[in-house]
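Everything below concerns the one structure shown next.
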Amino acid sequence: MNILLVEDELLLQKSLKKLLEKKGVIVNVTTSGREAINMLLNQNFNRIVCDLMLQDISGFNVIEEAKKKYTLLEISKLFIIMTAYSSKQVLDKADTYGCKVISKPFEDINHTLSLFIEGGLNYE
Amino acid sequence: MENSSNPRTKKIQKNARLTAYLLGSCTDTSFAKLKNIFNQIPVIDICDSKTNAVFLASYLGNSIEITTNHSLIDLNPILLPDSIPLLKKFFEDYQRYLSNKLVSTALQTFNPVVTKNLKSLDHHIKKIESGILRSNNQQIESIKTKLTDKNEVKKFLSKCITIDDLPLHILKLHQFKNYKTCQILIHEKGNTAAESLFLSKSQTLITSKISVVQFNKIHTIIKKSKTKLFNQTQLLNNDLGVRGTFLAREINLFKHSIIIVVSRNDFFPATTLEQEFFQEIIKNITLVLNNLLMEYLSQKRNKLLKLGLLHLDIPLEICDSNRQIFFSNSMNTTLKYTHQDIIDDNYTLRYSPYSDVSYSSDLYHFQRISLLGELLNTLRHELNNPLFGLKLTADLLIEDSTSKDFKETLDDISSNCQRCQNIITNFSLLYNNQDTFIDLNLYKLLKETLILTKSETRGIEKEIIFSTTLPREDFKIKTNPTWLAQIIFNFIINSAQAIRLSTLDFTHQKITITATNKCLDTQSNLIISVTDTGPGIQKELIEKIFQPFITTKKEGTGLGLSICNYLTTKLGGKIFFSNNIPLPGATFSIELPLNDLNKIG
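See the structure below:
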């Protein structure tokens, strides 16, 4: 299991990395959206957990770039979006990619971790 | 042009008599002849001084040369035969012309265009006058009619001050004495409707609107016509009030198109003379019409403005320097106005901009909500993320940590992060503007609200008391949590600020929040009160405490309680307060009905 975690809040990134590693997952991290694009185009991940509000670009830009490599169906299974701004517009846009959206702060951390590992199948 | 300070002008205005100075030597026989002729003309006086005379006359054998000596008259020297009737006529016409000229001088101060137009008319008259002298007797009659026509137009123009009067004055003209109706259509370019002023003889003016499409149709037909003489078969239109044949003419001004229609309301076509006169009138009206129109429009604007002020929700009055009311839109003369503005040296505007408490509170409530809501939303998102990270990290470290001390400290960090998040969430809930009613636990809501007031109430004892009839932990009420929390929040903040302002020692100070139910015959009500031990409400504030902008605090907006009042009404309840006599402090309460909407869970 190989997860790419794109999160610019360092404390959160560190904690999530640690927690996921405890579950036996290989975790690659980055704070930058552009770097995330590079990584996902050059390496293969089982899951990409991506924050929406990054310093350089938006999480949606990352997903758009991922279209070069993956089909829409693959994207909907590969990506999980994290956001602190779960407004209706954001949810609607995420819906067009078919990705699972998780609001921060997480209500149940263990449930969230298992979602990351087992996959964010929408409409479960 | 005319100089009113000129003594000669003044003299003419006073006497309205014509004077002539006779040139030549007293001993000369021709001079005696001239004097004899002038003595037989009643309208003219012979004058001894050359400077005061209006005319200068000299005898040249069979003819007399007349030149003007007056600034009001620009007459080139003319030669007249020494015929007494002709001279008499000449001077009589001039006298008429001069007295009219005086009207024009009076007009000049406020309407230069009228004067200018009159001047050109005068010129015209003069031409005709000279014509009289050169023509034979048959021609004189027709010229005379023309002259009277011109004079008529001149009189007409000097009378016409407003557009409203225009139809009346047109119908009053003696050439139109058989005409029954006059209609004026005014279209301001770019407007979707044109205005119609319609006057039937011996009736009042009817104003109405017609569509611009109709106006353009009429306008086009009239414009294409050469004779400007129409009958209903050519121009059958409901918007024209005339019947039978009629004269019509279009006028195009800078910003307006105008149509003038006159009719006898019968089927006989207008005579050539009438047609000519109509054209003459239109030609002359055109020159002054723009001014009249501007005047008319500005009057209309003023009327609308006044009407608007009368219907304004804000009571206001305008007083002159003697404090006499000049204008007021309120019947209530005893009204106390809260605001005052000086308009200029003479007038003062006094008004109460926030008379309608519910309306303005509504407005200010939404302003406050949207501003704070936005701010809190940003704050929530910006703080939630790092707080979440902090909490997650602390939680992780707790699991890794072996030292009990470390674990406890990390626990504190984690729970404090959680508390911060809760406070932020509660605050943003307090200022979101959802108007849904939900079942909520009252005690929990009061407790959460109390937490939000922590900084203001620091050091002051607080207590939440539920009456024994209410199950404190389980009591539920169906209401709007945001509004209720805001009301209670405001009450507590007010109490805390009142206490803080009155004392620095909080040992005996207390804020009590009480919930009781009051059973009436048909239903039971819930009363939530906030009681403090502060200085209470000053007597003079008691009546207007719920009005907006009434505040005792230096930095207060005076909006808090007026918003509370408004929100309580929205919750279907009542708001009231009292001073805790004989105890110190005040109690603010709201009473909510516990009916189907707010049932006990």
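Protein chains in written order, with the numbering used here: chain C, -2 to 121; chain H, 1001 to 1601. Glycine included, C-beta positions come from ideal geometry on N, C-alpha and C. For clarity, every value in this text was computed on a predicted model and none was experimentally measured.
Output the boundary residues of the beta strand (DSSP E) element that contains residue i.
{"i": "M79/C", "result": "F76 to T80"}
{"i": "I1550/H", "result": "Element bounds for I1550/H: n/a, residue is neither H nor E."}
{"i": "H1339/H", "result": "H1339 to I1342"}
{"i": "Q1183/H", "result": "T1181 to E1188"}
{"i": "F1326/H", "result": "I1325 to S1328"}
{"i": "S1500/H", "result": "In the sequence on display, residue 1500/H carries Arg and not Ser. From DSSP, R1500/H is part of no beta strand (DSSP E) but of the alpha helix (DSSP H) over P1481 to S1502."}
{"i": "K97/C", "result": "K97 to S100"}
{"i": "S1589/H", "result": "A1586 to P1593"}
{"i": "I1046/H", "result": "I1044 to I1046"}
Bridge partners for residue i per DSSP, in chain order?
{"i": "P1081/H", "result": "S1063/H"}
{"i": "R1249/H", "result": "I1260/H"}
{"i": "R1350/H", "result": "E1317/H and Q1340/H"}
{"i": "A1515/H", "result": "F1466/H and I1528/H"}
{"i": "V3/C", "result": "T27/C and C47/C"}
{"i": "I1545/H", "result": "According to DSSP, which records beta bridges pairwise, I1545/H is partnered with nothing at all."}
{"i": "A1193/H", "result": "S1211/H"}
{"i": "I1581/H", "result": "The partner list for I1581/H (beta bridge, DSSP) is empty, contrary to what the question assumes."}
{"i": "S1200/H", "result": "T1181/H"}
{"i": "A1053/H", "result": "Answer by DSSP bridge pairing: none, since A1053/H is not bridged."}
{"i": "T1068/H", "result": "F1055/H"}
{"i": "A1229/H", "result": "Correcting the residue identity first, residue 1229/H is Leu in this sequence and not Ala. L1229/H is bridged to L1247/H."}
{"i": "K1476/H", "result": "N1441/H"}
Let me confirm a value: residue i is counted as buried when at least 16 other C-beta atoms fall within 10 Å, else exposed. Which label applies?
{"i": "E1399/H", "result": "exposed"}
{"i": "E1448/H", "result": "buried"}
{"i": "F1213/H", "result": "Here residue 1213/H turns out to be Val, not Phe, going by the sequence shown. Flag for V1213/H reads exposed."}
{"i": "Q1175/H", "result": "buried"}
{"i": "L7/C", "result": "exposed"}
{"i": "P1582/H", "result": "exposed"}
{"i": "P102/C", "result": "buried"}
{"i": "I1563/H", "result": "buried"}
{"i": "Q1497/H", "result": "buried"}
{"i": "P1481/H", "result": "buried"}
{"i": "S1589/H", "result": "buried"}
{"i": "T93/C", "result": "exposed"}
{"i": "M1331/H", "result": "exposed"}
{"i": "R44/C", "result": "buried"}
{"i": "L1484/H", "result": "buried"}
{"i": "S1196/H", "result": "buried"}
{"i": "Q1040/H", "result": "exposed"}
{"i": "Q1547/H", "result": "buried"}
{"i": "P1081/H", "result": "exposed"}
{"i": "T1402/H", "result": "exposed"}
{"i": "S1257/H", "result": "buried"}
{"i": "R1249/H", "result": "buried"}
{"i": "C47/C", "result": "buried"}
{"i": "T1522/H", "result": "exposed"}
{"i": "S125/C", "result": "Any question about residue 125/C goes unanswered here, given that chain C covers just -2 to 121."}
{"i": "N1598/H", "result": "In this prediction, N1598/H scores a pLDDT of 47, lower than 50, which makes its location untrustworthy; no coordinate-derived value is stated."}
{"i": "L1273/H", "result": "exposed"}
Under DSSP, the alpha helix (DSSP H) around residue i begins and ends at which residues?
{"i": "H1169/H", "result": "L1166 to K1172"}
{"i": "I1221/H", "result": "V1212 to K1224"}
{"i": "A1032/H", "result": "T1029 to N1039"}
{"i": "S1562/H", "result": "G1560 to K1570"}
{"i": "Y1021/H", "result": "Here Y1021/H belongs to no alpha helix (DSSP H); instead the beta strand (DSSP E) covers L1018 to L1022."}
{"i": "Y89/C", "result": "Strictly speaking, residue 89/C in this sequence is Asp, with Tyr absent from that position. That run of the alpha helix (DSSP H) goes K85 to Y94."}
{"i": "F57/C", "result": "G56 to A63"}
{"i": "S1025/H", "result": "It is not in any alpha helix (DSSP H) - S1025/H carries neither H nor E in the DSSP assignment."}
{"i": "E115/C", "result": "I106 to E115"}
Check your understanding: Taking only runs of the alpha helix (DSSP H) that begin and end inside the stretch 1402 to 1460 of chain H, which ones reach a length of at least 4 residues, in chain order?
Key -> 1404 to 1430, 1442 to 1452 and 1454 to 1457
Exercise for review: Taking 8 Å as the threshold, find out whether the stretch 1509 to 1529 of chain H comes into contact with the stretch 1456 to 1470 of chain H through three or more Cβ pairs.
Suggested key: yes
Review point. Is there contact between the stretch 1314 to 1334 of chain H and the stretch 1280 to 1299 of chain H, where contact requires at least three CB pairs shorter than 8 Å?
Key: no
Check your understanding: Three or more beta-carbon pairs under 8 Å between the stretch 1433 to 1446 of chain H and the stretch 1410 to 1418 of chain H, yes or no?
Key -> no
Check your understanding: Okay, do the stretch 1263 to 1270 of chain H and the stretch 1175 to 1192 of chain H touch, 3+ Cβ pairs below 8 Å being the bar?
Key -> yes
Exercise for review: Tell me, please, whether the stretch 1030 to 1038 of chain H touches the stretch 1057 to 1067 of chain H by the rule of three or more beta-carbon pairs shorter than 8 Å.
Suggested key: yes
Review point. Three or more beta-carbon pairs under 8 Å between the stretch 1037 to 1051 of chain H and the stretch 1018 to 1027 of chain H, yes or no?
Key: yes
Check your understanding: On the three-pair Cβ rule with 8 Å, is the stretch 23 to 41 of chain C touching the stretch 52 to 69 of chain C?
Key -> yes
Check your understanding: Can we say the stretch 1216 to 1232 of chain H touches the stretch 1201 to 1208 of chain H, given the rule of at least three CB pairs closer than 8 Å?
Key -> no
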